[in-house]
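Written below as structure tokens is the structure these notes are about.
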Amino acid sequence: MTDKILQVPSALHRCAGPNCGVMKGISDRWWVMWSSLDERKIPVMHLAQWDEQLAVQEGALHVCGEGCAQKLQSQFMGNVLANRWRKSGGRASG
Ligand SMILES: [Zn+2]
14 MTDKILQVPS
24 ALHRCAGPNC
34 GVMKGISDRW
44 WVMWSSLDER
54 KIPVMHLAQW
64 DEQLAVQEGA
74 LHVCGEGCAQ
84 KLQSQFMGNV
94 LANRWRKSGG
104 RASG
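Next comes the structure, spelled out in structure tokens:
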């Protein structure tokens, strides 16, 4: 029996933002992002306020703030367009 319970974080989270890599401290102003395919196989980017359960789900990206969220969104949009171009034979038309 002990009176003192140390609050040890179950997992350390690091920001997924490009050129960031900040470790999550006690700040709650973090965000969770993840992408998935909807029923028509369209890639969808999700953004949610920090939640421990969301943060540990497969494919979750941990984001320290708005700036990194925007970079990741931009990266996601780039990937989506790159995949589309690849599918249509490397050429984007109208
Ligand atoms: Zn960051």
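The numbering of the sequence shown is the numbering used here, which starts it at 14 and goes up by one. In this text, a Cβ means the ideal position worked out from N, Cα and C, and glycines have one as well.
Sequence-distant residues of the same chain with beta carbon closer than 7 Å to residue i, five excluded per side
i              : result
tryptophan 120 : Beyond the ends of the chain as shown, which are 14 and 107, falls residue 120; an answer cannot be given.
Per DSSP, the bridge partner or partners of residue i
i             : result
serine 48     : Met58
histidine 75  : Val45
methionine 90 : The partner list for methionine 90 (beta bridge, DSSP) is empty, contrary to what the question assumes.
beta-carbon residue i near ligand 1 non-hydrogen atom, thresh 7 Å
i            : result
valine 45    : no
glycine 91   : no
glycine 30   : yes
glycine 78   : yes
valine 69    : no
histidine 35 : For clarity, residue 35 is valine in the given sequence; the question names histidine instead. Answer for valine 35: yes, Cβ within range of ligand 1.
Contact set for residue i: own chain, Cβ-Cβ below 6 Å, skip 5 residues either direction
i           : result
cysteine 81 : Cys28, Gly30, Cys33
Integer Cβ distance of residue i from residue j, believed to fall under 8 Å
i          : j            : result
alanine 68 : histidine 26 : 6 Å
leucine 85 : leucine 74   : 6 Å
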